[in-house]
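These notes are about the structure you will find just below.
Protein chains in written order, with this note's numbering: chain A, -8 to 231; chain B, 3 to 156.
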């Protein structure tokens, strides 16, 4: 019976056009399912058993990526109701919480995932350090990871302003005043970051564009390189 | 004719690099300059307030302008309400006659001079004059010493 279903499902032009391989009934076809798929072939065909040991990595890199996906999905959904205009940003945030269906959980998930991601990527960095997984030939990937960490922090910072509440306004006032103290270029840097001299509409739209477009794009490309590098280096670092 | 060190091919290659680097360099410089605003739609640095009698005796906080209008007897002064440390708003504490900043604990005395905390500079006093319409005119671009005050008859 199941054999018949498998035949009907996979022996037609639609299936063959999409999947190209047969139904996975043996090892070769099972590996073809992975290797013929754009998204799945980020995984190798085979993994070392020690790489899968939970205690070794605590899955922190995986959790970081998962949080990034959650932030992206919830973020995109939030974008349908939030407008970065000073006269309505706070109200939009309140609407998301109390008026929009499932808005409360989406907004909360976004905020919790954001705070968690900062903690988790930091712990991931610690794990990589303490297992010496940055050693040759993985030095470049460590560097990519550090840049990703900084990216995460900037995403957190830019997102913090968007609710346009007291917490947001004063936090960014303080941080941009800190930027202003940078030697020589501090004043100019603060002017460009804020788009002016005060934390106002210009600052809000700049932070919004950085938060929803520039930094996620940059992070996405770097995550891609980060994963690519792990594959190229033969999987997670193992003891010699 | 002597043998040229560079061929026509080399010249065209050099031309190609010059064009592409020039283009991308130009685009980069233009994009960077683009990010620096030329006009700001921000509140002006000099503005008119109400008449002197609108500000009762003591320290009056104006949240929209982020200044304090200090009215003592027949003398009127205007001081900034932006802490010189990181930009929070210091609060006037009447009992202690000081401004206390809630963020990092800077304290300024009634002359605006810092007496405690991490603030590097005193709170600046702004020039305040009387307009012909009888309204106060504050110019934040002009910082005045503590001895400066506007004499008002109230």
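Built from N, CA and C at the ideal position, the CB exists for glycine as well.
The model shown is predicted, which means the values in this text are computed figures rather than measured ones.
Residue 83/A in three-state terms, based on DSSP:
Assignment of residue 83/A by DSSP, reduced to helix, strand and coil, places it in the helix class.
For residue 232/A, I'd like the list of residues in its chain whose CB is within less than 8 angstroms of its CB, leaving aside the five on either flank, ordered along the chain.
Missing from the structure shown is residue 232/A; chain A here goes from -8 to 231 and no further.
So which residues on chain E does residue 39/B lean against when the C-beta distance must stay under 7 angstroms?
The structure shown has no chain E; the protein chains it does contain are A and B.
Any alpha helix (DSSP H) of 4 or more consecutive residues that is wholly inside the region 43 to 116 of chain A
Entirely contained in the region 43 to 116 of chain A, the alpha helix (DSSP H) runs reaching 4 residues are, in chain order, 45 to 48, 51 to 69, 80 to 89.
Euclidean distance between Cα positions of residue 96/B and residue 121/A:
The alpha-carbon of residue 96/B is positioned some 55 angstroms away from that of residue 121/A.
Contacts around residue 88/B, its chain only, beta-carbon distance under 8 angstroms, and the 5 residues preceding and following it disregarded
Apart from the 5 residues on each side of it in sequence, residue 88/B sits with its Cβ closer than 8 angstroms to the Cβ of 105, 106 in its chain, given in chain order.
Which chain B residues sit within Cβ distance under 7 angstroms of residue 183/A?
By Cβ distance, chain B contributes 37, 38.
Provide the residue(s) that pair with residue 12/B in DSSP beta bridges, ordered along the chain.
Note: residue 12/B sits in no beta bridge, so no partner.
Just curious, the alpha helix (DSSP H) that residue 209/A is in, first and last residue?
Note, residue 209/A: alpha helix (DSSP H), 206 to 223.
Name, in chain order, the residues that DSSP records as bridge partners for residue 93/B.
102/B.
Where residue 216/A and residue 224/A are concerned, what is the direct C-alpha to C-alpha distance, given to the nearest angstrom?
Distance between the alpha carbons of residue 216/A and residue 224/A: 12 angstroms.
For residue 65/A and residue 130/A, the rounded distance between their alpha carbons:
In this structure, the CA atom of residue 130/A is about 33 angstroms from the CA atom of residue 65/A.
Alpha carbon to alpha carbon, how far is residue 93/A from residue 75/A?
Approximately 21 angstroms, taken between the alpha carbons.
Buried or exposed: where does residue 34/B fall if 16 or more other Cβ atoms within 10 Å of its Cβ makes it buried?
Flag for residue 34/B reads exposed.
Minimum length 3: unbroken beta strand (DSSP E) runs contained in the region 11 to 68 of chain B:
If only uninterrupted beta strand (DSSP E) runs of at least 3 residues are considered, those enclosed by the region 11 to 68 of chain B are 48 to 50, 60 to 64.
Cβ of residue 161/A within 9 angstroms of any chain B Cβ:
Closer than 9 angstroms to some Cβ of chain B, the Cβ of residue 161/A qualifies, so yes.
Since I believe residue 61/A is in contact with residue 104/A (beta carbons under 8 angstroms), could you give me their beta-carbon distance rounded to a whole number of angstroms?
Indeed they touch by this definition, with Cβ atoms about 5 angstroms apart.
If you measure beta-carbon to beta-carbon, which residues of the region 83 to 100 of chain B are closer than 7 angstroms to chain A?
Flagged, chain order: 88, 89, 90.
Neighbourhood of residue 73/B by C-beta, 6 angstroms cutoff - its chain only, sequence neighbours within 5 removed:
For residue 73/B, where only same-chain residues beyond five positions count, the Cβ hits under 6 angstroms are 57, 59.
By alpha-carbon positions, which one of 30/A, 26/A, 42/A, 77/A ends up nearest to residue 36/A?
The option with the nearest alpha carbon to residue 36/A is 26/A.
Specify, as a first and last residue, the run of the beta strand (DSSP E) that residue 179/A falls within.
Boundaries around residue 179/A are those of the alpha helix (DSSP H), 177 to 185, since no beta strand (DSSP E) includes it.
Do we get a CB-CB distance below 9 angstroms when we pair residue 150/B with the residues of chain A?
False, the Cβ-Cβ gap to chain A never drops below 9 angstroms.
If you draw a straight line from the alpha carbon of residue 77/B to that of residue 137/B, how long is it in whole angstroms?
Near 15 angstroms, if we compare the C-alpha coordinates of residue 137/B and residue 77/B.
Does the CB of residue 149/A have a neighbour CB from chain B at under 9 angstroms?
Proximity of residue 149/A to chain B, defined by a Cβ-Cβ separation below 9 angstroms, is not satisfied.
Within the continuous alpha helix (DSSP H) that includes residue 3/A, where are the two ends?
Element bounds for residue 3/A: n/a, residue is neither H nor E.
Within the continuous beta strand (DSSP E) that includes residue 130/B, where are the two ends?
For residue 130/B, the enclosing beta strand (DSSP E) stretches over residues 127 to 132.
Determine the extent of the beta strand (DSSP E) in which residue 148/B is found, giving its start and end residues.
Neither: residue 148/B is in no beta strand (DSSP E) and is coded neither H nor E.
Counting contacts by CB-CB distance shorter than 9 angstroms, is residue 103/B in contact with chain A?
No - not a single Cβ of chain A is within 9 angstroms of the one on residue 103/B.
DSSP three-state call for residue 77/B: helix, strand or coil?
If DSSP states are grouped into helix, strand and coil, residue 77/B belongs with the strands.
Between 85/A, 149/A, 47/A, 156/A, which has its C-alpha nearest residue 118/A's C-alpha?
Looking from the CA of residue 118/A, the closest CA among 85/A, 149/A, 47/A, 156/A belongs to 47/A.
Establish whether the CB of residue 126/B and some CB of chain A are separated by less than 9 angstroms.
No, because no Cβ of chain A sits closer than 9 angstroms to the Cβ of residue 126/B.
What is the DSSP secondary structure of residue 82/B, counted as helix, strand or coil?
The three-state secondary structure of residue 82/B, taken from DSSP, is strand.
I'd like the list of long-range same chain contacts for residue 103/B, defined as Cβ closer than 6 angstroms, with 5 residues on each side in sequence excluded.
The answer, listed in chain order, is 85, 90, 92.
Based on the DSSP secondary-structure assignment, which residues constitute the bridge partners of residue 72/B?
In the DSSP secondary-structure assignment, residue 72/B is bridged to 61/B, 79/B.
Throw me the rounded Cβ distance for the residue 213/A and residue 138/A pair, which I believe falls under 8 angstroms.
Contact holds; Cβ gap of about 6 angstroms.
Buried or exposed: residue 8/A, going by 16 or more other Cβ atoms within 10 Å of its Cβ?
Exposed, by the Cβ-count rule.
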